[in-house]
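**Student:** Quick note: the sequence shown uses UniProt numbering, first residue 1, plus one each step.
Every residue, glycine too, gets a C-beta built ideally from N, C-alpha and C.
All figures in this text were calculated on a predicted structure; none of them were measured in a lab.
Let me give you the structure first, and then I'll get to my questions.
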Amino acid sequence: MVEYIRKKIESSLYKRISYAQYMQLALYDEQYGYYMRNEEKIGRAGDFITTSNVSNVVAQLFAKIFVQLIEAEKIPPFICEIGGGTGRFARAVLEEWKRLSPETFASGTYFLIEVSPYHRQKQQEMLQMFAENVQLLERIDQLPSRFSGIVFSNELFDAFPVHVIEKENEQLYECFITFEQNGLTEQKIPLENKEIIGYLRERNISLNNGQRFEVPLAMKQFIFDLDQHLEKAVIFTVDYGYTDEEWKEPARKRGSLRGYYKHRLIDDLLFRPGEMDLTTHIQWDALRYYGEKVGWTYVDLWRQDQFLLKAGILHYFIEHHDPNPFSEQSRHNRAIRSLIMDGGIGASFQVMLQQKNVQIDSGDIFK
């Protein structure tokens with residue numbers, strides 16, 4: 001992969017590539033990209049864990065919310081999950097949907113959009129029993145024209161390529177990747193990219209000296225592209241990120257772009273390209289801002305543990321008297337506690353709710 005990237009760099013006009021180009025190659029290249037490899041990426045055997053992999057309760061709670069919206073005729077019985085991974089979340093939602101509302105389930109369809117061939121194969125295996133209600137897609141432009149329904153994503157935007165900028169001595173620089181004798185290395189060039197400059201202006205973002213910042217132009221474009229396919233939608237985004245105010249805190253001074261390899265946090269972003277995940281905290285205010293630009297109405301933003309408590313996760317505890325800590329009931333209850341306790345995984349994630357041509361509020365979500 002390093003040799004492949006070196007050739008890309010040497011064939012470029014200025015013998016360098018942006019961090020966004022580097023991430024696109026390292027994560028999504030059809031031949032060498034991390035997400036395109038036929039290997040496990042999520043769970044113990046992979047490099048990271050998502051909240052939907054901790055317990056099916058998360059999917060069951062979202063399924064309850066989805067069904068409430070569908071049965072109240074707030075939205076048609078169509079769900080689109082973008083970046084569905086192995087299909088575990090989808091399967092748990094479909095099982096709960098069928099149990100709670102067999103009539104709407106019978107007329108409904110669950111669309112999964114997944115760029116990774118490996119994960120699409122996993123989804124096909126995981127969802128065989130629901131084949132009549134599921135459509136597996138590779139791109140958003142394969143959705144039915146003017147889609148109406150629920151749009152859901154979990155840890156989608158954090159894996160989008162970003163540009164990296166830094167301010168030094170009152171000058172803004174863009175950080176690039178180049179190749180020297182010792183391998184891949186970073187190079188800083190005075191900022192010239194007009195799209196980045198435009199992003200900073202329209203979002204009213206200013207940096208302090210020594211501050212590093214990720215510019216999510218790919219996320220911005222995706223919002224505009226996705227909107228072209230939406231007629232009427234309720235949009236749930238689950239991810240980890242910060243508001244504009246939180247980005248200003250000293251702890252965020254060096255940005256948030258990191259690598260994950262075998263569940264270890266890697267600060268060296270050029271370590272094992274194609275073999276480790278690269279991820280950044282998303283900018284919630286950017287998602288809200290560009291959503292509003294295309295006509296999405298912002299409803300609310302919750303910390304995920306608080307969202308799960310409002311949704312009724314405490315009702316999913318199982319009463320039992322089995323002293324075995326490895327019993328199914330013990331593992332189930334332990335997973336729920338990890339999602340809602342202070343400092344647990346649920347406290348690190350947020351849930352944003354937006355809508356297009358729909359009129360709902362939090363009261364429609366937490367019934």
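Measure the C-alpha to C-alpha separation of N169 and I17 and round it to an integer number of angstroms.
**Tutor:** The sequence position of residue 169 within the sequence shown is 169, counting from 1. The sequence position of residue 17 within the sequence shown is 17, counting from 1. Going from the Cα of N169 to the Cα of I17 covers about 24 Å.
**Student:** Where does R146 sit, in a helix, a strand or coil, going by DSSP?
**Tutor:** Reading the sequence shown from its first residue, position 146 is the one you call residue 146. Coil, per DSSP.
**Student:** Would DSSP call L207 helix, strand or coil?
**Tutor:** Position 207 of the sequence shown holds residue 207. In the structure shown, L207 falls within a coil segment according to DSSP collapsed to helix, strand and coil.
**Student:** Apart from the five residues on each side of it in sequence, which residues of its chain come closer than 6 Å, Cβ to Cβ, to F130?
**Tutor:** In the sequence shown, the residue the question calls residue 130 occupies position 130. Around F130: L94.
**Student:** Over the uninterrupted alpha helix (DSSP H) stretch that includes K8, give me the two end residues.
**Tutor:** The residue given as residue 8 occupies position 8 in the sequence shown. It spans V2 to E10 - the alpha helix (DSSP H) in which K8 sits, taken as one unbroken run.
**Student:** Run through DSSP, which three-state label would E195 get?
**Tutor:** As a position in the sequence shown, residue 195 is number 195, starting the count at 1. The answer is helix: DSSP assigns E195 an H, G or I state.
**Student:** Throw me the rounded Cβ distance for the M36 and E30 pair, which I believe falls under 8 Å.
**Tutor:** Position 36 of the sequence shown, counting from 1, holds the residue named residue 36. Position 30 of the sequence shown, counting from 1, holds the residue named residue 30. Indeed they touch by this definition, with Cβ atoms about 6 Å apart.
**Student:** Tell me whether A45 is buried or exposed, calling it buried when 16 or more other Cβ atoms sit within 10 Å of its Cβ.
**Tutor:** On the sequence shown, position 45 is the one that residue 45 refers to. Caution applies to A45, whose pLDDT of 49 falls short of 50 and renders its modelled position unreliable; the value that the coordinates give is listed next. Burial call: exposed.
**Student:** Grab the span of the beta strand (DSSP E) containing H263 for me, first residue to last.
**Tutor:** Within the sequence shown, the letter at position 263 stands for residue 263. No beta strand (DSSP E) contains H263, which DSSP labels as neither H nor E.
**Student:** Using 8 Å as the threshold, is the C-beta distance between T104 and I70 below it?
**Tutor:** Taking the sequence shown and counting its residues from 1, one reaches residue 104 at position 104. Taking the sequence shown and counting its residues from 1, one reaches residue 70 at position 70. Against a cut-off of 8 Å, the Cβ pair of I70 and T104 comes out as a contact.
**Student:** With distances taken between CB atoms, is the gap from G149 to P76 smaller than 8 Å?
**Tutor:** Position 149 of the sequence shown holds residue 149. Position 76 of the sequence shown holds residue 76. Yes, they are a contact pair.
**Student:** Roughly how many angstroms separate the alpha carbons of E114 and R139, rounded to a whole number?
**Tutor:** The count along the sequence shown starts at 1 and reaches residue 114 at position 114. The count along the sequence shown starts at 1 and reaches residue 139 at position 139. Using only the alpha carbons, I get a separation of about 7 Å.
**Student:** Determine the DSSP secondary structure at D47, reduced to helix, strand or coil.
**Tutor:** Along the sequence shown, read from residue 1 onward, the residue named residue 47 stands at position 47. Low confidence applies to D47: its pLDDT is 43, below 50, so where it sits in the model is not reliable, and the reading given next is rough at best. Correct three-state label for D47: coil.
**Student:** Helix, strand or coil for S116 per DSSP?
**Tutor:** Within the sequence shown, numbered from 1, the residue matching residue 116 stands at position 116. In the structure shown, S116 sits in coil (DSSP, three-state: anything other than H, G, I, E or B).
**Student:** What is the DSSP secondary structure of residue 370, reduced to helix, strand or coil?
**Tutor:** Coverage of the chain is limited to positions 1 through 367, which leaves residue 370 absent and any answer about it impossible.
**Student:** Can you check whether the CB of A90 is closer than 8 Å to the CB of E96?
**Tutor:** Reading the sequence shown from its first residue, position 96 is the one you call residue 96. Reading the sequence shown from its first residue, position 90 is the one you call residue 90. Taking 8 Å as the Cβ cut-off, E96 and A90 do not qualify as a contacting pair.
**Student:** In the DSSP assignment, the beta strand (DSSP E) including G183 goes from what residue to what residue?
**Tutor:** The residue given as residue 183 occupies position 183 in the sequence shown. G183 to P190 is the extent of the beta strand (DSSP E) around G183.
**Student:** Three or more beta-carbon pairs under 8 Å between the stretch 195-209 and the stretch 229-242, yes or no?
**Tutor:** no
**Student:** Can you list, in chain order, the residues of its chain with a C-beta nearer than 6 Å to that of R212? Leave out the 5 residues immediately preceding and following it.
**Tutor:** Here residue 212 refers to the residue found at position 212 when the sequence shown is read from its first residue. Cβ within range, chain order: E166, R254 and G255.
**Student:** Would you mind sorting F78 into buried or exposed? The rule is 16 or more other CB atoms within 10 Å of its CB.
**Tutor:** What you label residue 78 is simply residue 78 of the sequence shown in a count that begins at 1. For F78, the number of other beta carbons within 10 angstroms of its own is at least 16, and it is reported as buried.
**Student:** I think Y34 touches M219, with their Cβ atoms under 8 Å apart; what is that distance to the nearest whole Å?
**Tutor:** As a first step, residue 34 is located in the sequence shown; it is residue number 34 there, counting from the start. As a first step, residue 219 is located in the sequence shown; it is residue number 219 there, counting from the start. Actually they do not touch by this definition, with Cβ atoms about 18 Å apart.
**Student:** Between S55 and I336, which are expected to be in contact by the criterion C-beta below 8 Å, what is the C-beta distance as a whole number of angstroms?
**Tutor:** Locating residue 55 in the sequence shown gives position 55, counting from the first residue. Locating residue 336 in the sequence shown gives position 336, counting from the first residue. 6 Å between Cβ atoms; contact.
**Student:** Please name the residue, chosen from P216, A347, K248 and K310, that lies closest to D364 on a Cα-to-Cα basis.
**Tutor:** Within the sequence shown, residue 364 is the residue found at index 364, counting from 1. Checked all of P216, A347, K248 and K310; the closest Cα to D364 is K310.
**Student:** Taking all protein chains shown into account, decide if E174 is buried (16 or more other Cβ within 10 angstroms of its Cβ) or exposed.
**Tutor:** In the sequence shown, counting from the first residue as 1, residue 174 sits at position 174. Counting Cβ neighbours within 10 Å, E174 comes out buried, since at least 16 surround it.
**Student:** Would you give the residue range spanned by the alpha helix (DSSP H) that I365 belongs to?
**Tutor:** Counting from 1 along the sequence shown, the entry for residue 365 is found at position 365. S362 to I365 is the span of the alpha helix (DSSP H), which, as asked, contains I365.
**Student:** Spatial neighbours of A233 within its chain, please: CB distance less than 6 Å, with the 5 preceding and 5 following residues excluded, ordered by chain position.
**Tutor:** Translated into the one-based positions of the sequence shown, residue 233 becomes position 233. Correct list, in chain order: V151 and K356.
**Student:** Helix, strand or coil for Y14, going by three-state DSSP, please let me know.
**Tutor:** Counting from one through the sequence shown, the residue named residue 14 turns up at place 14. If DSSP states are grouped into helix, strand and coil, Y14 belongs with coil.
**Student:** Which same chain residues, not among the five before or five after Y118, have their C-beta less than 6 Å away from its C-beta?
**Tutor:** If you number the sequence shown from 1, residue 118 lands on position 118. Contacts found: N38.
**Student:** Identify which residue in S11, R88 and Y32 has its Cα closest to the Cα of R272.
**Tutor:** Your numbering for residue 272 matches position 272 in the sequence shown. The residue with the shortest Cα to Cα distance from R272 is Y32.
**Student:** Quick check on DSSP: helix, strand or coil for K310?
**Tutor:** Here residue 310 is taken as the residue at index 310 of the sequence shown, counted from 1. K310: helix per DSSP, three-state reduction.
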